[in-house]
Ligand SMILES: Cc1ncc(COP(=O)(O)O)c(C=O)c1O
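Protein chains in written order, with the numbering used here: chain U, 85 to 494; chain F, -14 to 235.
See below:
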């Protein structure tokens, strides 16, 4: 079984480029050149130097002692939250901005959900002195306002998307429309392993630095490159793709993903694509997709703006189909509780997205003495409002069964 | 039954795009029944989609309304059934690929033929995927397909699209999504001239940003006709579509 794309950008049945003709030239140009551009020694040298000196890589692999004690296994956190700008998104933004520069593009557009990709893009645009426009759903502008302020200070124009559920899907639609309107000078810097070929593969390659480092770091600490399990959250799936990348063909390592179950899989308010989705086309890619029987894309819901997306990257759809990836749905409340737990045991406030990956821990059976690596994809500064609300609520209702109460409205 | 292939042999063709189910299902049926009286040669009936990537706000909004009005692909064909009792107006199906996938491509083709839809436009079906996955199916059912070309499409690819097209070639007027009203530009004229000079083997229709008599007539100089979408929908919303259509031919 191969977990890389074929020449047309398919992972098995999934992927491809289902794009309107207006995008053809730009996509074709990328498809024809990305491999050569990014594998060139001078590109790699510049990229690796930026990752090290600018982003602060390698990100540390931290042995979480108290969390490990609690769960009776060895838990390591891959600390993407410690990167410059506070998440894994910078790995991809740095890579793609060099591609854009190489192609002579002058204007950069991006979509963002949690704002982490928007901030990363605004950051690399400031660094490279390029114009930057970030599309963000109206709901996300509200719930991730610290990141909106950061993007603006970094010189980006933040355009609010008012269509649909006013979240990541709609921001992505608007970014694609912008690209159709500006085919000459503009580069679309996609933030996850989604979209038409070659984006899923290109973004996965830029994020693969995570598992490349992990192998070495684990060798240092445990005298093996292989943990028993790796846990990551999936919005589009880029931090997961990055931390899984060098283990995809290594069946000894179990790969586990968390997807956002929102208020529960059956609540009608969730973003649990692997359970609720069917094969379909979203943002130029064939993948698993939440949709009505008639093929209208469903508006998803999650407390976490970065996971509030009705699709997943085609790589992950393929991994699920081939049973290489196990997916756990994690609810809002489970994620919030996991975030509180990590904060109190380890003094680390995670992003709400990453908290979903932590939310898998209590659900894992028979993990005694196992080595488990969790992708701590980002830090929680942007989520303080949601955390404070939850704090207040939990204080007032200490004995409520939160999961079932529905009283807590994030 | 009127053959769309035959119609496409003429010039100064006027084609109208409308979203099925906008502003109401009843109104769609009325418009389709009456529109030929206003000199419209054929209609592109849009199946509304939740996430139409190539469309601007007007068509997006009309799609939201239409979906809210219960427009599904099954209902789309129900509407056609009613319309077919009253008119043999040539109707082109326009819709994104996901809905055809979910409905089942084979069943979809059969339904189209049953209701005298002869031509399809699927904006997110590139020729490469068409060739591999849909060509033999559409050909088996004698369904014609139209592909788009844009100002950034290189000549070599235009030739390839000309070869793959079985209906008409949809010449997109400028690099943009639907619904942008713009004055005619030199660049646009050059684009039209280039296409005309290429003497393509298939009929051509110019669309996107055609919104009045002037832009319609200008486009007609370079192609077999032009398609008006967003502007027609704006007039439908304002309840004076008839007046608008009359003004085009005045
Ligand atoms: C911290 C963090 N983790 C995870 C995600 C989800 O994206 P992906 O699945 O591409 O890693 C986001 C997206 O905004 C994020 O900000």
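By construction, the Cβ of each residue, glycine as well, lies at the ideal position given by its N, Cα and C atoms.
Please name the residue in the options whose C-alpha comes closest to that of residue i.
i: residue 250 of chain U; options: U:219, U:237, U:274; result: U:219
i: residue 316 of chain U; options: U:384, U:412, U:128, U:334; result: U:412
i: residue -13 of chain F; options: F:186, F:104, F:196; result: F:104
i: residue 128 of chain F; options: F:77, F:142, F:172, F:157; result: F:77
i: residue 47 of chain F; options: F:12, F:33, F:110; result: F:33
i: residue 340 of chain U; options: U:101, U:425, U:328, U:390; result: U:328
i: residue 362 of chain U; options: U:392, U:405, U:337, U:325; result: U:405
i: residue 51 of chain F; options: F:101, F:8, F:-9, F:17; result: F:8
i: residue 314 of chain U; options: U:444, U:370, U:360; result: U:444
i: residue 300 of chain U; options: U:145, U:111, U:88, U:370; result: U:145
i: residue 446 of chain U; options: U:478, U:107, U:139, U:159; result: U:159
i: residue 366 of chain U; options: U:281, U:187, U:386; result: U:281
i: residue 152 of chain U; options: U:465, U:425, U:439, U:464; result: U:425
At a CB-CB cut-off below 8 Å, which residues of chain U make contact with residue i?
i: residue 132 of chain F; result: 105
Say yes only if the C-beta of residue i is nearer than 7 Å to one or more non-hydrogen atoms of ligand 3, and no if none qualify.
i: residue 447 of chain U; result: Only ligand 1 can be found as ligands here, which leaves ligand 3 out of the picture.
For residue i, which residues in chain U fall below 9 Å Cβ to Cβ?
i: residue 65 of chain F; result: Those do not exist, as residue 65 of chain F stays about 16 Å from chain U at its closest Cβ, beyond 9 Å.
DSSP on residue i, reduced to helix/strand/coil?
i: residue 83 of chain F; result: helix
i: residue 453 of chain U; result: coil
i: residue 442 of chain U; result: helix
i: residue 229 of chain U; result: helix
i: residue 249 of chain U; result: coil
i: residue 54 of chain F; result: coil
i: residue 214 of chain U; result: coil
i: residue 150 of chain U; result: helix
i: residue 24 of chain F; result: coil
i: residue 395 of chain U; result: strand
i: residue 29 of chain F; result: strand
i: residue 369 of chain U; result: strand
i: residue 309 of chain U; result: coil
i: residue 197 of chain U; result: coil
i: residue 143 of chain U; result: coil
i: residue 77 of chain F; result: strand
i: residue 332 of chain U; result: coil
i: residue 477 of chain U; result: helix
i: residue 158 of chain U; result: strand
When we look at the beta-carbon of residue i and count the other beta-carbons within 10 Å, is it buried (16 or more) or exposed?
i: residue 227 of chain U; result: buried
i: residue 235 of chain F; result: exposed
i: residue 357 of chain U; result: buried
i: residue 167 of chain U; result: buried
i: residue 92 of chain F; result: exposed
i: residue 481 of chain U; result: exposed
i: residue 352 of chain U; result: exposed
i: residue 146 of chain F; result: buried
i: residue 158 of chain F; result: buried
i: residue 234 of chain U; result: buried
i: residue 98 of chain F; result: exposed
i: residue 53 of chain F; result: exposed
i: residue 156 of chain U; result: exposed
i: residue 402 of chain U; result: buried
i: residue 211 of chain F; result: buried
i: residue 475 of chain U; result: exposed
i: residue 176 of chain F; result: buried
i: residue 86 of chain F; result: buried
Bridge partners for residue i per DSSP, in chain order?
i: residue 315 of chain U; result: U:340, U:458
i: residue 434 of chain U; result: U:463
i: residue 260 of chain U; result: Bridge partners of residue 260 of chain U: none, in fact.
i: residue 410 of chain U; result: U:340
i: residue 244 of chain U; result: U:220
i: residue 363 of chain U; result: U:372
i: residue 175 of chain U; result: Its beta-bridge partners do not exist; DSSP assigns none.
i: residue 104 of chain F; result: F:77, F:129
For residue i, return the contacting residues in chain F, with the cut-off set at a CB-CB distance below 7 Å.
i: residue 265 of chain U; result: 160, 161, 162
i: residue 378 of chain U; result: 57, 58, 84, 87
In chain U, which residues lie less than 7 Å from residue i when you measure between Cβ atoms?
i: residue 39 of chain F; result: 104, 106, 264
i: residue 8 of chain F; result: Those within 7 Å of residue 8 of chain F in chain U number zero; the least Cβ separation is about 18 Å.
i: residue 188 of chain F; result: Near residue 188 of chain F there are no residues of chain U at all, since even the closest Cβ is about 17 Å away, more than 7 Å.
i: residue 77 of chain F; result: Simply none; closest approach about 17 Å.
i: residue 52 of chain F; result: 380
i: residue 173 of chain F; result: Within chain U, no residue comes near residue 173 of chain F; the closest Cβ sits about 15 Å away, beyond 7 Å.
Against residue i, what residues of chain F qualify as contacts under a CB-to-CB distance less than 9 Å, listed in chain order?
i: residue 109 of chain U; result: 135, 137, 138, 139, 142
i: residue 101 of chain U; result: 111, 113, 114
i: residue 365 of chain U; result: 81, 82, 83, 86, 109
At a CB-CB cut-off below 8 Å, which residues of chain C make contact with residue i?
i: residue 108 of chain F; result: The chain labelled as chain C is not found among the protein chains of the depicted structure, namely U and F.
What residues of chain F sit near residue i, judged by a beta carbon separation below 8 Å?
i: residue 260 of chain U; result: 38
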